[in-house]
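Presented below is the structure to which this report refers.
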Amino acid sequence: MLIEKEFSYDKYKNTISEKDIEWLKTSLIFIALAEALAGIFIYTQFAYPRFGGTFIDLGAPYTSFANDFANFSLLLLPLVFEKFFRSTRVGTKVMYGLIAGIVFASFLLSFSRGGWMAFAVSMVIWGVWFFI
Numbered sequence: 125m126l127i128e129k130e131f132s133y134d135k136y137k138n139t140i141s142e143k144d145i146e147w148l149k150t151s152l153i154f155i156a157l158a159e160a161l162a163g164i165f166i167y168t169q170f171a172y173p174r175f176g177g178t179f180i181d182l183g184a185p186y187t188s189f190a191n192d193f194a195n196f197s198l199l200l201l202p203l204v205f206e207k208f209f210r211s212t213r214v215g216t217k218v219m220y221g222l223i224a225g226i227v228f229a230s231f232l233l234s235f236s237r238g239g240w241m242a243f244a245v246s247m248v249i250w251g252v253w254f255f256i
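Quick note on numbering: the sequence shown equals residues 125 to 256 in the numbering used here.
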């Protein structure tokens, strides 16, 4: 009986507000932007043929984690698109559109075959979800 009262769902169901969730989404979007910009810096400043972001060990470039970088970008792209489509102000739409472009470009430049497979599967799921 004590355990049921201590871990009751009713006690914790209203602890996270919508404002907190929106703050978390925005924070994750800007983390993805920072990661993409770090990847752009690495891609342009070092003799490394992939877009690796901070998931790369420049001391051992052939054991990089481009798949992790690509999947991280793919994970956060829907959040950016959601913010883009739900925003009503033009300036906010432009900002989230630019962020989406930068994050998607970082995904493309990762040259990750696993990322492309994940992208294809997510597009199929998205198509089934919205068009059927």
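Glycine included, C-beta positions come from ideal geometry on N, C-alpha and C. Quick caveat: nothing in here was measured; it's all calculated off a predicted structure.
Within the segment 199-235, the complete alpha helix (DSSP H) segments at least 4 residues long are 214-232, listed from N- to C-terminus. Non-local beta-carbon contacts of Ser-246 in its own chain, meaning distances under 8 angstroms to residues more than five positions away in sequence, involve Leu-198 in chain order. In the displayed model, Ser-141 falls within coil according to three-state DSSP, outside both helix and strand.
Annotation for Ile-249: the continuous alpha helix (DSSP H) segment containing it runs 237-255. The C-beta distance from Phe-231 to Gly-239 rounds to 6 angstroms, short enough to meet the 8 angstroms contact threshold.
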